[in-house]
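Chemist:
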Amino acid sequence: MTDNLVFADLDATDRALINGLQGGFPVCERPFAEIGGWFGLSECEVISRISRLCHDGTASRFGPLYNTEAMGGGVTLAAMWVPEDNFDDVARLVNSYPEVAHNYERTHVLNMWFVVLTENPGRVAEVLQEIEKNTGLRVYDMPKEEEFFLELKLEALAEEVT
Amino acid sequence: MKQEPPAVFLDNLDRDLIALTQKGLPLVSRPYHYLAEKLGLSGEQVMLRIKALQGKGVIRRIGLIPNHYRLGYCANGMTVWDVPDEQTSLLGPRIGALSFVSHCYRRPRYLPEWPYNLFAMVHARSRAEVEELAQEISDILGEHNRGHKILYSTRILKKTGLRLAGDLSKPDEGKRENKDA
Chain A
1 MTDNLVFADL
11 DATDRALING
21 LQGGFPVCER
31 PFAEIGGWFG
41 LSECEVISRI
51 SRLCHDGTAS
61 RFGPLYNTEA
71 MGGGVTLAAM
81 WVPEDNFDDV
91 ARLVNSYPEV
101 AHNYERTHVL
111 NMWFVVLTEN
121 PGRVAEVLQE
131 IEKNTGLRVY
141 DMPKEEEFFL
151 ELKLEALAEE
161 VT
Chain B
1 MKQEPPAVFL
11 DNLDRDLIAL
21 TQKGLPLVSR
31 PYHYLAEKLG
41 LSGEQVMLRI
51 KALQGKGVIR
61 RIGLIPNHYR
71 LGYCANGMTV
81 WDVPDEQTSL
91 LGPRIGALSF
101 VSHCYRRPRY
111 LPEWPYNLFA
121 MVHARSRAEV
131 EELAQEISDI
141 LGEHNRGHKI
151 LYSTRILKKT
161 GLRLAGDLSK
171 PDEGKRENKD
181 A
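Residue numbers (the numbering used here), protein chains in the order written: chain A, 1 to 162; chain B, 1 to 181.
#1: Going residue by residue through the stretch 15-76 of chain B, where are the continuous alpha helix (DSSP H) segments of at least 4 residues, counting only ones entirely within it?
#2: Between Gly63 (chain A) and Pro112 (chain B), what straight-line distance do the alpha-carbon atoms span, to the nearest angstrom?
#3: Would you say Met71 (chain A) reaches chain B, if we count a Cβ-Cβ gap shorter than 7 Å as a contact?
#4: For Glu129 (chain B), tell me which candidate among B:Arg61, B:Phe100 and B:Gly24 has the shortest Cα-Cα distance.
#5: Can you find a C-beta in chain B that's less than 7 Å from the C-beta of Ser96 (chain A)?
#6: Where Pro84 (chain B) and Ser51 (chain A) are concerned, what is the direct C-alpha to C-alpha distance, given to the nearest angstrom?
#7: What residues from chain B crowd round Glu145 (chain A), counting only those whose CB sits closer than 7 Å?
#8: At what residues does the beta strand (DSSP E) containing Trp113 (chain A) begin and finish?
#9: Is the CB-CB distance between Thr118 (chain A) and Gly72 (chain A) below 7 Å?
#10: Quick check: the stretch 28-42 of chain B against the stretch 90-98 of chain B, are there 3 or more CB pairs under 8 Å?
#11: Closest to Arg61 (chain B) by C-alpha separation, out of A:Ser60, A:Thr58 and A:Leu65, would be which residue?
#12: Any idea what DSSP makes of Leu151 (chain B), helix, strand or coil?
#13: Going along the chain, which residues of the stretch 69-95 of chain B sit with their C-beta nearer than 8 Å to a C-beta in chain A?
#14: Does the contact criterion of 3 or more C-beta pairs under 8 Å hold for the stretch 86-102 of chain A versus the stretch 38-45 of chain A?
#15: Which first and last residues belong to the alpha helix (DSSP H) in which Pro93 (chain B) is found?
#16: Using the Cβ count rule (16 or more neighbours within 10 Å means buried), how would you classify Arg92 (chain A)?
#17: Taking beta-carbon pairs under 7 Å, can you tell me which members of the stretch 107-140 of chain B lie near chain A?
#18: What would DSSP say about Thr160 (chain B), mapped onto helix, strand or coil?
#19: Are Glu163 (chain A) and Arg106 (chain B) closer than 7 Å when you measure CB to CB?
#20: Roughly how many whole angstroms lie between the Cα atoms of Leu154 (chain A) and Gly136 (chain A)?
#21: At which residues does the beta strand (DSSP E) containing Val75 (chain A) begin and terminate?
#22: Taking the Cβ atom as the reference point for each residue, do Val82 (chain A) and Ile131 (chain A) lie within a distance shorter than 7 Å?
#23: Touching or not, the stretch 112-124 of chain B and the stretch 11-20 of chain B, by the rule of three or more beta carbon pairs under 8 Å?
#24: Start and end of the beta strand (DSSP E) containing Cys44 (chain A)?
#25: Using DSSP with H/G/I as helix, E/B as strand and the rest coil, what is Gly63 (chain A)?
#26: Applying the criterion that 16 or more other CB atoms from any shown protein chain within 10 Å of the CB defines a buried residue, is His68 (chain B) buried or exposed?
#27: Run down chain B in chain order and give the residues with a C-beta less than 8 Å from the C-beta of Thr58 (chain A).
#28: Rounding to the nearest angstrom, what Cα-Cα distance links Asn215 (chain B) and His55 (chain A) in this structure?
#29: List, in chain order, every chain A residue whose beta-carbon is nearer than 7 Å to that of Gly43 (chain B).
#30: CB Thr79 (chain B) to CB Ile150 (chain B), shorter than 7 Å?
Rendered as structure tokens:
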């Protein structure tokens, strides 16, 4: 799969870093030096490559990936059927909630899918009810009931949200 | 796997540490010591806290989060499957283990309009490839696949990360998704 990294201009070392650094970053005094040891690079070269990958957009971020639920917050995935004619207005209303973290238009009758993250778990239902009330459209609440989680994968890609 | 962990105790220093690192770790030689200085802690204390957050599951992992669009994985298909409830615990882990599935969850149905209870996010370079990969999922589910759909994202309407008080990050709105590769 890594032979087909078509958009970004990456050399073999970049690819090794991308595949090898999706998790397991060391928690020690000089972690980049330790990483350098794994890849045969200097500490400075590791830092400069990671910072280039972040700056040119190949990586969206470098650092800890947080799990909102474990922090005691609420999270759900919600879906709506929104008529084409007022899609943009509804999107604006839904997006106006700071609790709405991600919102995607998708190819289905249920054409709007968004993730709600709240610090207080009870707030999730309130947000969904307010959106229903303000749009007159049904909001389907689809919280995760079971997670089939797996160890890290080399080409594991998206941020773990939806 | 079924049981959610209990809510975790986080103190104000943890919250400050999370707020400081939710956009990323500082790219300096001693990143934890750098954070420690900002928080008025020692490097050791920051490292212990980070390890504790990992242990509690608050930090899923630390690493490079690739932008899959830049890497050419432009087709993002949310595949949804109607699988008998009694089969999901058995089949879910097999789907979740596939290398092209980034996450896999059981979610509620809404009958009759939404019979799908198993969600698997598939990333590939084109819709044609997503469809081939969905076929692999279908083969694993076999007779237990009572119906499925693939929902492609056509537009990112909003995308922000975790928000904590004091985070001034701007959401990434209105980006058009690359519809197909």
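All residues carry an ideal CB built from backbone N, CA and C; glycine is no exception.
Modeler: By the coordinates alone:
#1: 31-39 and 43-55
#2: In the first sequence, the residue the question calls residue 63 (chain A) occupies position 63. In the second sequence, the residue the question calls residue 112 (chain B) occupies position 112. Distance between the alpha carbons of Gly63 (chain A) and Pro112 (chain B) is about 42 Å.
#3: Here residue 71 (chain A) refers to the residue found at position 71 of the first sequence. Yes - at least one Cβ of chain B is within 7 Å of the one on Met71 (chain A).
#4: Numbered from 1 along the second sequence, position 129 holds the residue referred to as residue 129 (chain B). Checked all of B:Arg61, B:Phe100 and B:Gly24; the closest Cα to Glu129 (chain B) is B:Phe100.
#5: Looking up residue 96 (chain A) in the first sequence gives position 96. It does not; no Cβ of chain B falls within 7 Å.
#6: Within the second sequence, numbered from 1, the residue matching residue 84 (chain B) stands at position 84. Within the first sequence, numbered from 1, the residue matching residue 51 (chain A) stands at position 51. About 46 Å.
#7: The sequence position of residue 145 (chain A) within the first sequence is 145, counting from 1. Neighbours of Glu145 (chain A) on chain B, chain order: Arg106, Arg107 and Pro108.
#8: Walking along the first sequence from the start, residue 113 (chain A) turns up at place 113. Per DSSP, Trp113 (chain A) belongs to the beta strand (DSSP E) from Met112 to Thr118.
#9: As a position in the first sequence, residue 118 (chain A) is number 118, starting the count at 1. As a position in the first sequence, residue 72 (chain A) is number 72, starting the count at 1. Not closer than 7 Å, so no.
#10: Not touching, per the Cβ criterion.
#11: Here residue 61 (chain B) refers to the residue found at position 61 when the second sequence is read from its first residue. Closest by alpha carbon: A:Leu65.
#12: Mapped onto the second sequence, residue 151 (chain B) falls at position 151. Reduced to three states, the DSSP call for Leu151 (chain B) is strand.
#13: Tyr69, Arg70, Leu71, Gly72, Tyr73, Asn76, Met78, Thr88, Ser89, Gly92, Pro93 and Ile95
#14: no
#15: The count along the second sequence starts at 1 and reaches residue 93 (chain B) at position 93. Where Pro93 (chain B) is concerned, the enclosing alpha helix (DSSP H) stretches over Asp85 to Gly96.
#16: Here residue 92 (chain A) is taken as the residue at index 92 of the first sequence, counted from 1. It is exposed - the Cβ of Arg92 (chain A) has fewer than 16 other Cβ atoms within 10 Å.
#17: Arg107, Pro108, Tyr110, Trp114, Met121, His123 and Arg125
#18: As a first step, residue 160 (chain B) must be located in the second sequence, where it is residue number 160. Here Thr160 (chain B) sits in coil by DSSP.
#19: Examination of residue 163 (chain A) is not possible in this model, given that chain A is present from 1 through 162 alone.
#20: Position 154 of the first sequence, counted from the start, is the residue given in the question as residue 154 (chain A). Position 136 of the first sequence, counted from the start, is the residue given in the question as residue 136 (chain A). Caution is warranted here: a pLDDT of 41 is assigned to Leu154 (chain A), below 50, making its placement in the model unreliable, and the coordinate value is therefore given only provisionally. Going from the Cα of Leu154 (chain A) to the Cα of Gly136 (chain A) covers about 44 Å.
#21: Translated into the one-based positions of the first sequence, residue 75 (chain A) becomes position 75. Per DSSP, Val75 (chain A) belongs to the beta strand (DSSP E) from Gly74 to Met80.
#22: The residue given as residue 82 (chain A) occupies position 82 in the first sequence. The residue given as residue 131 (chain A) occupies position 131 in the first sequence. Against a cut-off of 7 Å, the Cβ pair of Ile131 (chain A) and Val82 (chain A) comes out as no contact.
#23: no
#24: The residue given as residue 44 (chain A) occupies position 44 in the first sequence. Note, Cys44 (chain A): premise wrong, no beta strand (DSSP E); alpha helix (DSSP H) at Glu43 to His55.
#25: Locating residue 63 (chain A) in the first sequence gives position 63, counting from the first residue. Strand, per DSSP.
#26: Here residue 68 (chain B) refers to the residue found at position 68 when the second sequence is read from its first residue. Result: buried.
#27: Here residue 58 (chain A) is taken as the residue at index 58 of the first sequence, counted from 1. Correct list: Pro66, Asn67, Arg70 and Leu71.
#28: A question about residue 215 (chain B) goes unanswered here, because the residues of chain B that appear run from 1 up to 181.
#29: The count along the second sequence starts at 1 and reaches residue 43 (chain B) at position 43. Correct list: Glu29.
#30: Residue mapping note: residue 79 (chain B) aligns to position 79 of the second sequence, counting from 1. Residue mapping note: residue 150 (chain B) aligns to position 150 of the second sequence, counting from 1. In this structure, Ile150 (chain B) lies closer than 7 Å to Thr79 (chain B) by Cβ.
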